[in-house]
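According to this note's numbering, the sequence shown is numbered sequentially starting from 3.
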Amino acid sequence: DAALTEENSPSQDPPFTVDASAPEATAILERHAATLDLLRRAIDRPGCRFERDWSRPSFDMLLEEAQSMRKAARLLALAARRAAADGDGAGALADIVRIHRLGLQAASEPFLVSCLVGQAIDRLALEALADTLPRLDEADLRLLDEEPVRDFLATSITCQRAFLGDEAVVLATLGDLADGSRRTSTMALLGAWHQSSKSPQAYPLDRLFSLLYRCFILPADIAGYRHIMRRYQDVVGSTLFAKPDPHPAVVKQATAIEDELESRGGFVSLLLAPSLSGAIAAQMRGKTLHDVAGVLVAATRARLAGESLAASPVPAALAALPRDPFTADKPLFAKRSDDGWVVYSVGPDGEDDGGPAARGADAENGSDDVGLRMPVR
């Protein structure tokens, strides 16, 4: 099961390179058949929630179940690829939609880490879709028009609620410092952060320092943090408009916010406030991948209807490629690759690097292009 449980970070999955037809994959799916049945029945329910004490948000609420969700998503991705290889297009697409719903569930918790985990799971669903589409036949054409698949393509994961949740956690922590009644002192918090320790230590003059901080520095710290977070929320909100701000403008705004945070942030809020530019870029990458998947589904729909895609993956029914979110007004790219077609965006750097690296291969010359590859069979 090593390919299913490999972990790089809470929000980044390793490339899925397992051969779904290999005997080892068969053994894994047989061994986890009961788990898959339970996952499918659970995800098909209208919703679920975990018990939280939202009256006292804190960093302790970062979710233990996030890792389990990632492993469940990888198991479903293997099952979807196996179903597609066996000619079960309906089963494959159903599991892919379930992976997406699992990503939405992970991202529904209002924490930035949860949002990033949800986006990583959602990417697994999109990559599984790109691998499955070439295996569909004419009898599967109707499946692409069903509501679950349409909803999947139209729904990318956003971080707006996560920004609000992270702000609530930091403000609650600053509130604990302000009331002085809990075992949260300024120097203990700083010391624990510096040493990456979960056990704050006692410091000489701690009570005096905390008193001075609460009286003279904390009010400005709180005001500055709230101001910075409001600006971040305005920026992330601008990416959700019907005509969102282009990525260069978003980067410029986020950089200005980070510069302001460095210059005016208090020394506690500066530690607690995350750099959110990366989260905004991750949200835009997710939206881009959904746009790319829409192109691949349109191409597959045309292929199943008898249209030749030998020269281009862009079908006649698609007037033009969607706009690349990482540019001001340019469309996505669609090119022939060694094993099929690749549809992609230029990515955060705004430069065409020739497309994203093949899954499991090293990035070519630092390519940050964002897209999906669809094999041609």
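C-beta atoms are modelled at their ideal positions from N, C-alpha and C, and glycine is treated no differently.
Pro327 is positioned such that its CB atom lies no closer than 8 Å to that of Pro333. Straight-line measurement puts the Cα of Ala86 at about 11 Å from the Cα of Asp142.
In this structure, the alpha-carbon of Leu95 lies about 18 Å from that of Gln107. Nearest to Val252 by C-alpha distance, out of Asp168, Tyr346, Pro350, Val171, is Pro350. Scanning the stretch 115-172 for uninterrupted alpha helix (DSSP H) segments of 4 residues or longer gives 149-156, listed from N- to C-terminal end.
For Pro250, the secondary structure class from DSSP, reduced to helix, strand or coil, is helix. A contact is defined here as three or more CB-CB pairs under 8 Å, and the stretch 224-235 meets this definition with respect to the stretch 152-171. At the C-beta level, Ile123 and Met71 come within 8 Å of one another. For Arg287, the CB contacts under 6 Å within the same chain, skipping 5 residues up- and downstream, are Val372 in chain order. In the DSSP assignment, Tyr346 falls within the unbroken beta strand (DSSP E) covering 342-347. In this chain, Gly89 is not harboured by any beta strand (DSSP E), its DSSP state being neither H nor E. DSSP, reduced to helix, strand and coil, places Arg228 within a helical segment of the structure shown.
Per the Cβ contact rule, the stretch 297-307 is in contact with the stretch 126-142 (3 or more Cβ pairs under 8 Å).
Residue pairing of Phe335 in beta bridges, as defined by DSSP: Tyr346. Rounded to the nearest angstrom, the gap between the Cα atoms of Ala322 and Val344 is 16 Å. Counting along the chain, Arg375 sits inside the beta strand (DSSP E) bounded by residues 372-377. Rounded to the nearest whole angstrom, the CA to CA distance from Val151 to Asp331 is 28 Å.
Between Leu311 and Ala318, the C-beta gap is not smaller than 8 Å, which leaves the two residues out of contact. If you draw a 10 Å sphere on the C-beta of Thr257, you find fewer than 16 other C-beta atoms in it, and that means exposed. In the DSSP assignment, Gly288 falls within the unbroken alpha helix (DSSP H) covering 279-306. CA-CA distance, Leu278 to Ile98, rounds to 29 Å. With respect to Asp370, Asp354 sits apart: the two C-beta atoms are not nearer than 8 Å. Within the same chain, Cβ atoms closer than 8 Å to the Cβ of Gly120 are found at Gly105, Leu106, Gln107, Ala108, Ala109, Ser110, Ile159, the five residues on either side in sequence being excluded.
Between Ala313 and the set Leu306, Lys337, His292, the nearest pair of CA atoms involves Lys337. DSSP, read as helix, strand or coil, puts Arg47 in coil. At a Cβ-Cβ threshold of 8 Å, Gln162 and Leu291 do not count as neighbours.
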